[in-house]
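All remarks here apply to the structure that follows.
Residue numbers (the UniProt record's numbering), protein chains in the order written: chain F, 1 to 597; chain P, 1 to 597.
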């Protein structure tokens, strides 16, 4: 065959006069008065190939048989296009190749959708024919971006003397955390490996080993019910360091983000990142991953409305709840229907109703205003900076609900009022997360992050009195309303670790049984250490300007964890199960009634 | 705490006079006349810290409590050592740090073995305490080397415009090939994912997608009975290209190896690599992964001994076997016992006996000589270049046995006679492998590589008459007797693929059922493509000068696929199995009788 000498998209006017061979796919073919024009596509772009019977009757005849997505090789001369056929929309639009020889390398059936950007087709069809979907330039660019992003991470971490270490995929099931994927052992009947939810324990052991700076772009697995932005397997840039303070680590990670955004997209990210405590983030934005590209801060109004004639406010506060308000600047002009439509939106986040006030002609208007005193109105006006044209939205409930409702209303208003600059990348650290939270089902505290997260030094005294009030040296990296990474400084002193397990309700024996090998390791000289993990899929999604995580993954799975292209998972031969000493509990009937999507 | 300003092993005489803070582990502590000397170790090396009560009584008192493997922070001044305490064996042996402040960051129990190189302890103890084993400098250097090797691969492939693409770990079980690890699906009862034996199908699909140049440093899984140099999970550098000829690809891969060896170890690898056909490799060296650092080529002597008075030679040839000989240069002086000891060695590879001839004083000597004619002896002498002091070893059997026996005798002689230069790295390509081999059990041909390997163009006509004679465009990269990589050009034309499946005894329906999604993909414009995969574990082993694959892996498994540190695999909660719709077929009794190693 004729092997390519050049890439289609890389030829320029400099190549005029050269004889070149190109290989690629027929993007489209046109016949203009007996002359054939083929747009030839490879990974680099498109080049117009011209088949004029006057150059070669044979080549013209063969080209005439080529159809869309045929794979061809052409040899010819690079020439300047005629003035009238110049295509300013194409990087290679000023030149073309006059073909003297063509070889059809492979044929193609008509594809089920066009191989071009901005197609409007069902995603499941794209996933079934992923190998064709990935031919589309936007998908190629996203995967290229992902490859570049991985390289940017590696280059930076290498320059900071991080070692890449691979940790096992066939590892041990641990009872805390999310649901594990399990792998039956053939050699050890009745025993199972688990796929890692993260390399957490191994990276801490590498610090015990004295590796000091470790990273890995690691595949992680969680068998959870999938949301649109979750995948059963996902990729995290996993980082752990010894002998660094929290601030040294966070500073280094900021530089890493700057390098990533600069080298992949030429974007200048501003540093230092804003640092918000968890409490501040929740109080101001109703979220631990606030979108900071716009203001609209939430205000606490408990003190103002605790004796309000609006009975629901007063009673919520009396029962230990809170009342907070959001001034939706400029939304006071919305129609009654538009305002009423906010209630079902708020209900999705647990709101039982949605109280509101319009500010018009200097007056507060709305159903609840008549129950309010003059003083109340004046105080609210001041607290919220309420002006003509504003819409004040209230949430009164348990703290958690109020955060969720107002946090999401804030995002809705921000989007609807065009307060968000799509070109802006606003990073922040959310720090000082709670160490533990109370699990009503288990009737005990559970670790918010994991049981190896270090408490703040100044909160250590609370272990014995009020663990629920303790804060952790844990931090999340937040970007434009997404959590793109997170981590913590880890406990490295035996006595602190013991107190932590006691606070979580573990007996020393239970702790040993569940985390024995790590606890043992901790006794042999563990350095102070801490780390971060970044979600590569999500970062690439944000870099690509997409909102669909599946667009960033070459072969993703659906919400039911199915690969539509290979049809995995599937049934396997009985012999395979017998070798693994397992049997399925599924009868054929039972199975058939199971939904498949 | 006092965070490190410098790394222990990176301080030089240039730092004399500076105040530095170091963090690390106590390698050893000596008390010389009331002055304490601590060898402080971090990833970079060792620095001597001196605690003289005259500098700081407090620091001296604290240092006195430190024991081996304690984690400490010290601050002090870099000074030149006294003449008599200079240690020329240590890169930092001319300087020391006069400590004025010390902080014990963590204590350590006495480790189960010394944290130093060349320890003679049971490997299972090292694996159980892998986090301590990895503290030893030689293990740190090997993991560092592995990290560097991965980077060398990536940098080269990046410079050649390869894209890194991640392919799924949760994928589909396919019936051909080695045994799969399976993962039961919770969402789809009775169905299973399989862990990939390699990304083979996905990388070919990426070529269908037009990615042109793909790579991935990919984890692969094979549930096989493990030998010393196999692991249930291993890492391969997986590469696939479109629109390259075989020779273009092999040339590029040679440059890749040159880059790898140069940047990781400063070794200059000679190119072009020797290219041997499979037939040549087997005939000359009795192996498809010959060690080419020495000669000792095997000679066919069938024509000479076919009518020999040595009955076993004549009868083997009559029954379709072969007789080959190896001239073990210089081994003619071995004692009778040394020669006799070769027989049980040969028997391991299937030899029923081992005929031999010593050449002494111009004469052939040995039990079989008396059955040979003068002409036979003269012909053997010439064919084998036999001279005084030589030992000629014969193997007469089926071809496969003869290759194995003489190939391994050749290696034994090469090692014993010191013919092998340990510092030499001799690469070769073994090409033109057989396309298929006959499987006596299945009574059909099976693919030697896999069913998508392209046959040599000139052998295509044999599909209908004698597939067993067909050669494939498959190639292995061989280094010093190890296969370090391999690959092939792939079939990309539908008609060739159909003939291949027919040759393997598949009906078109069976082919569709087993490889449907790939066959379908092949209909939509598949480019000519081919690739390679390198074994990273094995390459790092060779770069590190080791012979144990486990030394190159941070957390390896034993021969029974157990992780001795975490104790994986292990039993899991019944609830987990129920969620996965499986049960184990193991009764407690049954399980207990199962050997655990």
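Note that the Cβ used here is the ideal one computed from N, Cα and C, for glycine as well.
Where the alpha helix (DSSP H) through residue i begins and ends
i, result
"residue 489 (chain P)", "Where residue 489 (chain P) is concerned, there is no enclosing alpha helix (DSSP H), although the beta strand (DSSP E) it sits in stretches over 482-489."
"residue 414 (chain F)", "399-416"
"residue 345 (chain F)", "342-348"
"residue 304 (chain P)", "302-305"
"residue 149 (chain P)", "137-159"
"residue 9 (chain F)", "Where residue 9 (chain F) is concerned, there is no enclosing alpha helix (DSSP H), given that its DSSP letter is neither H nor E."
"residue 24 (chain P)", "It is not in any alpha helix (DSSP H) - residue 24 (chain P) instead sits in the beta strand (DSSP E) that spans 19-32."
Buried versus exposed, by CB contacts within 10 Å (16 or more), residue i
i, result
"residue 248 (chain P)", "exposed"
"residue 225 (chain P)", "exposed"
"residue 455 (chain P)", "buried"
"residue 121 (chain F)", "exposed"
"residue 392 (chain F)", "buried"
"residue 406 (chain F)", "buried"
"residue 34 (chain F)", "exposed"
"residue 513 (chain F)", "exposed"
"residue 461 (chain F)", "exposed"
"residue 4 (chain F)", "buried"
"residue 307 (chain P)", "exposed"
"residue 85 (chain F)", "exposed"
"residue 262 (chain F)", "exposed"
Residue i Cβ short of 6 Å to the ligand HEM heavy atom set
i, result
"residue 370 (chain P)", "Questions concerning the ligand HEM fall outside what the structure shown contains, since it holds no ligand whatsoever."
Residues sharing a beta bridge with residue i, DSSP
i, result
"residue 429 (chain P)", "P:275, P:477"
"residue 434 (chain F)", "F:471"
"residue 220 (chain F)", "F:234"
"residue 184 (chain F)", "F:192"
"residue 328 (chain F)", "F:391"
"residue 492 (chain P)", "DSSP output for residue 492 (chain P) lists no bridge partner at all."
"residue 617 (chain P)", "Outside the modelled stretch of chain P, which goes from 1 to 597, sits residue 617 (chain P), for which no answer is possible."
"residue 421 (chain P)", "Answer is none; residue 421 (chain P) lacks a bridge partner."
Inter-residue Cα distance where the pair is residue i and residue j
i, j, result
"residue 98 (chain P)", "residue 76 (chain P)", "5 Å"
"residue 511 (chain P)", "residue 201 (chain P)", "15 Å"
"residue 149 (chain F)", "residue 155 (chain F)", "10 Å"
"residue 577 (chain F)", "residue 583 (chain F)", "6 Å"
"residue 152 (chain F)", "residue 260 (chain F)", "5 Å"
"residue 388 (chain P)", "residue 381 (chain P)", "11 Å"
"residue 212 (chain P)", "residue 131 (chain F)", "13 Å"
"residue 92 (chain P)", "residue 12 (chain P)", "6 Å"
"residue 17 (chain F)", "residue 162 (chain P)", "29 Å"
"residue 236 (chain F)", "residue 1 (chain P)", "30 Å"
"residue 616 (chain P)", "residue 518 (chain P)", "This structure cannot speak to residue 616 (chain P), because chain P is shown only from 1 to 597."
"residue 241 (chain P)", "residue 165 (chain F)", "27 Å"
"residue 68 (chain P)", "residue 25 (chain P)", "8 Å"
"residue 61 (chain P)", "residue 475 (chain F)", "38 Å"
"residue 370 (chain F)", "residue 357 (chain F)", "11 Å"
"residue 432 (chain F)", "residue 277 (chain F)", "6 Å"
"residue 346 (chain P)", "residue 486 (chain P)", "28 Å"
"residue 427 (chain P)", "residue 45 (chain P)", "34 Å"
"residue 281 (chain P)", "residue 478 (chain P)", "11 Å"
N- and C-terminal bounds of the beta strand (DSSP E) containing residue i
i, result
"residue 360 (chain F)", "355-360"
"residue 48 (chain F)", "45-51"
"residue 534 (chain F)", "529-535"
"residue 598 (chain F)", "This structure cannot speak to residue 598 (chain F), because chain F is shown only from 1 to 597."
"residue 39 (chain F)", "35-42"
"residue 365 (chain P)", "363-365"
"residue 379 (chain F)", "First-last for residue 379 (chain F): 374-384, but that is the alpha helix (DSSP H), not the beta strand (DSSP E)."
"residue 246 (chain P)", "Counting along the chain, residue 246 (chain P) falls outside any beta strand (DSSP E), though it belongs to the alpha helix (DSSP H) covering 246-265."
**Prompt:** Considering only residues of the segment 60-133 of chain P, which uninterrupted alpha helix (DSSP H) runs meet the minimum length of 4 residues and lie entirely inside it, listed in chain order?
**Reply:** 123-128, 130-133
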